[in-house]
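In my numbering, the protein residues as written are 324 to 540. C-beta atoms are modelled at their ideal positions from N, C-alpha and C, and glycine is treated no differently. The next block holds one structure in the form of structure tokens; read it before the comments.
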């Protein structure tokens, strides 16, 4: 026999838990014709939330209600609480998370500007290309921390530009191909990533052609 929990909300809508809903009787107690013994509690919504969580998680509590009190249907009738409650701990955690996200976005903007400058200088100076690559790796670490796969893919593409500038064409080719496969799987979500892959691939092809020309000469 399963204990059925019914939550009756402010609009008299009924939400059943544990198994398919059954038709409760209007009387409390178990009759000989098989009617269900119902325990009805009128609770404010906040207290009822704690009740429901305990009932769904604590098997011992459900067994005590069934075996010791013969309850088969627990009916929780909700009414608005007299005053709202504020979860200050959760609010502090949320505020900290939001502020951290804002600071990270601000940092990413600065790193993108700085990385773009070093990347431009990397066309002439290998040391600047190395610095641009280090900045891209720092951005990648932030992307990993945020759990954003699209940001991670863009950072890897930025790093591939540094590899191309330093002559590591094979490594760059593998990196661009991997990000292009990811971009094509999610092209409906981020078309810009696809265009980035294609643009950097053209740059890679140009570097290969330049290398072949120098070898022939």
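Using DSSP with H/G/I as helix, E/B as strand and the rest coil, what is residue i?
i	result
residue 451	helix
residue 333	coil
residue 522	helix
residue 352	Low per-residue confidence applies at residue 352: pLDDT is 46, beneath 50, and the placement is therefore not dependable enough to give any value.
residue 446	coil
residue 484	helix
Who does residue i pair with in a DSSP beta bridge?
i	result
residue 328	340 and 397
residue 595	Nothing can be reported for residue 595, as the shown portion of the chain is limited to 324 through 540.
residue 402	367
Kindly list the residues whose CB is nearer than 6 Å to the CB of residue i, restricted to its own chain and excluding five residues on each side of it in sequence; keep chain order.
i	result
residue 559	This structure cannot settle anything about residue 559, because the visible part of the chain is limited to 324 through 540.
residue 510	517
residue 354	The predicted position of residue 354 is uncertain, since its pLDDT is 42 and thus under 50; no value can be drawn from it.
residue 371	399 and 401
Would residue i pass as a contact of residue j if the rule is Cβ separation under 8 Å?
i	j	result
residue 523	residue 486	no
residue 378	residue 362	no
residue 453	residue 477	no
residue 394	residue 360	yes
residue 458	residue 430	no
Which first and last residues belong to the beta strand (DSSP E) in which residue i is found?
i	result
residue 365	361-367
Looking at the secondary structure, which residues open and close the alpha helix (DSSP H) in which residue i lies?
i	result
residue 385	382-390
residue 511	Looking at the DSSP string, residue 511 is not in any alpha helix (DSSP H), and its letter there is neither H nor E.
Starting from the C-beta of residue i, find all residues in its chain whose C-beta is less than 7 Å away, skip the five residues before and the five after it, and write them out in chain order.
i	result
residue 402	365 and 367
residue 475	463, 466 and 467
residue 496	527
Closer than 8 Å by C-beta to residue i: which residues in its own chain qualify, once you throw out the five before and the five after it? Chain order, please.
i	result
residue 539	none
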